[in-house]
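Novice: Below is the structure I would like to discuss, written out as structure tokens.
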């Protein structure tokens, strides 16, 4: 306002007065005032017109002052608003800072609570671990006590078994003594019989034997000793005057049937001179529907029909030889049933019959003597403690096959010897329909 008054007093042109430090806004205002404050030339206009013009100019100046004041008031209000906004922002920032401080305090409180909880949890876990260790230690002590008690009971059981074993050894020794006495008696009887030998006994008839040993089975368990058993029995039979035929590892149907048919032809050729025929078999055997069968080495048995068509029936062999040797003594010896029948897990049958362990009981034709290596329905052993090269039955039979012994005496001696060698686990079986005494 001072600048405007100065311009009016001295009549100077406001456009020619500039400020060294004038803002762009003041510069615009100055340009606006140039038009309003322009002083007309008094020589050109009359005084009345000059006065009117002066009034208008003063009015415009007054309006400009008002406008400038309004502008300044507006600027002051804007500055106040801006200051108020700045203060509000600072308040908001302070509130935000306080909120963050509160959050920090709350986080620290939660962190302390978490640490306290973890500490309590760790202490609880430690207490649980110590309790579990104590429990495990108690259980270990309990198990140790039970183990000691079990060991003590086992020791007592072993002591009892040792006593029983000693008693069993004493019993076996007693049986051996009785067997020795029986052998001595039979030997004395043999001596007495040999002293009374007649020419008729010296001229005994023809004796023929067929011995079959099956060891190398393709679909069943391989047996170690049947071939060796056949050789052992063959040597004993030859010493008793038998003419023997030994066959090994016969296959299904054709081989077995051919061997039996050839043996029957030999028996028929002997005619009336035939005194005794003997059939000995060592290998696998089984029973189905109470019928006994011998198993060839290549028979693959999975069902009841396989047994019927792939195995050889014992009844067939016995009846066929009995038919040919009707007037002679027939002896049948079967050292079979040495293991569980083959393929029993895959057994197929239209009936409820299943293969049984061991052979079934069977009757013999007239004039026949039949011996099984073990009782019906039980399994025979292939090894014994005294010899790994022969079965207990073959070894006992070879020791009992003595000259001039009666058939029942041979069976009794064989049975006692087998029971001794197997500790009573295996007992031979005999079925006989002999109507006369037959001495070897």
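Numbering (our numbering), first residue to last: 1 to 440.
We treat Cβ as the ideally placed atom computed from N, Cα and C, and that holds for glycine.
Quantities reported herein were computed from a predicted structural model and do not represent experimental measurements.
(1) Using only the alpha-carbon positions, how far apart do residue 238 and residue 180 sit?
(2) Can the beta-carbon of residue 213 be found less than 8 Å from the beta-carbon of residue 282?
(3) Which residues mark the beginning and the end of the alpha helix (DSSP H) in which residue 231 is found?
(4) Look at the Cβ atom of residue 381, then the Cβ atom of residue 427, and state whether they are nearer than 8 Å.
(5) Looking at the strands, I want to know which residues DSSP matches up with residue 246.
(6) Use the C-beta contact count for residue 205: other C-beta atoms within 10 angstroms, 16 or more gives buried, fewer gives exposed.
(7) Give the secondary structure of residue 260 by DSSP, where H, G and I count as helix, E and B as strand, and everything else as coil.
(8) Can you give me the C-alpha to C-alpha distance between residue 84 and residue 54, rounded to a whole angstrom?
(9) Taking C-alpha atoms, which residue in 111, 280 and 385 lies nearest to residue 233?
(10) Between the C-alpha atoms of residue 369 and residue 243, what's the straight-line distance to the nearest angstrom?
(11) Would DSSP call residue 367 helix, strand or coil?
(12) Whole-angstrom Cβ separation of residue 367 and residue 434, contact assumed at under 8 Å?
(13) With a Cβ-Cβ cutoff of 8 Å, do residue 207 and residue 276 count as a contact?
(14) Can you check DSSP and say which residues form a bridge with residue 163?
(15) Give me the Cβ distance between residue 375 and residue 287, rounded to the nearest whole Å; I'm assuming they're in contact under 8 Å.
(16) Residue 151 bridges to which residues according to DSSP?
(17) Have a look at residue 131 and residue 138 and give me their C-alpha separation to the nearest angstrom.
(18) For residue 293, which residues of its own chain have a beta-carbon under 8 Å away from its beta-carbon, when the five flanking residues on both sides are left out?
(19) Give me the Cβ distance between residue 371 and residue 430, rounded to the nearest whole Å; I'm assuming they're in contact under 8 Å.
(20) To the nearest angstrom, how far is the alpha carbon of residue 432 from that of residue 240?
Specialist: Looking at the atomic coordinates:
(1) Sequence index remark: in the chain shown, residue 238 carries index 238 (1-based). Sequence index remark: in the chain shown, residue 180 carries index 180 (1-based). Their backbone Cα atoms lie some 25 Å apart in a straight line.
(2) The residue given as residue 213 occupies position 213 in the chain shown. The residue given as residue 282 occupies position 282 in the chain shown. Less than 8 Å separates the beta-carbon of residue 213 from that of residue 282.
(3) Reading the chain shown from its first residue, position 231 is the one you call residue 231. Run containing residue 231: 226 to 239, per the alpha helix (DSSP H) assignment.
(4) Against the chain shown, residue 381 aligns to sequence position 381. Against the chain shown, residue 427 aligns to sequence position 427. Contact flag unset, no.
(5) Here residue 246 refers to the residue found at position 246 when the chain shown is read from its first residue. The partner list for residue 246 (beta bridge, DSSP) reads 211.
(6) Residue numbering aside, residue 205 sits at position 205 when the chain shown is read from its first letter. Around the beta carbon of residue 205, fewer than 16 other beta carbons sit within 10 angstroms, so the residue counts as exposed.
(7) Position 260 of the chain shown, counted from the first residue, corresponds to residue 260. Residue 260 falls in the helix class under three-state DSSP.
(8) The residue you call residue 84 lines up with position 84 of the chain shown. The residue you call residue 54 lines up with position 54 of the chain shown. Cα to Cα, residue 84 sits roughly 44 Å from residue 54.
(9) For the purposes of this step, residue 233 is taken as the residue at position 233 of the chain shown. Here the closest residue by C-alpha is 280.
(10) Within the chain shown, numbered from 1, the residue matching residue 369 stands at position 369. Within the chain shown, numbered from 1, the residue matching residue 243 stands at position 243. Near 19 Å, if we compare the C-alpha coordinates of residue 243 and residue 369.
(11) Counted from its first residue, the chain shown places residue 367 at position 367. If DSSP states are grouped into helix, strand and coil, residue 367 belongs with coil.
(12) Mapped onto the chain shown, residue 367 falls at position 367. Mapped onto the chain shown, residue 434 falls at position 434. Approximately 6 Å separates the beta-carbon atoms of residue 367 and residue 434; this is inside 8 Å, confirming the contact.
(13) Here residue 207 is taken as the residue at index 207 of the chain shown, counted from 1. Here residue 276 is taken as the residue at index 276 of the chain shown, counted from 1. Closer than 8 Å, so yes.
(14) Here residue 163 corresponds to residue number 163 of the chain shown, with the count starting at 1. Per DSSP, residue 163 has no beta-bridge partner at all.
(15) The residue labelled residue 375 in the question sits at position 375 within the chain shown. The residue labelled residue 287 in the question sits at position 287 within the chain shown. Contact between residue 375 and residue 287 is ruled out by a C-beta separation of about 12 Å, above the 8 Å threshold.
(16) Within the chain shown, residue 151 is the residue found at index 151, counting from 1. Looking at the DSSP assignment, residue 151 forms no beta bridge with any residue, so it has no partner.
(17) One-based indexing of the chain shown puts residue 131 at position 131. One-based indexing of the chain shown puts residue 138 at position 138. The C-alpha of residue 138 is placed about 10 Å away from the C-alpha of residue 131.
(18) Position 293 of the chain shown holds residue 293. The residues are 285, 286, 287, 307, 311, 312, 313 and 314.
(19) Along the chain shown, read from residue 1 onward, the residue named residue 371 stands at position 371. Along the chain shown, read from residue 1 onward, the residue named residue 430 stands at position 430. Contact between residue 371 and residue 430 holds, since their C-beta atoms are separated by about 5 Å, short of 8 Å.
(20) Position 432 of the chain shown, counted from the first residue, corresponds to residue 432. Position 240 of the chain shown, counted from the first residue, corresponds to residue 240. The C-alpha of residue 432 lies about 21 Å from the C-alpha of residue 240.
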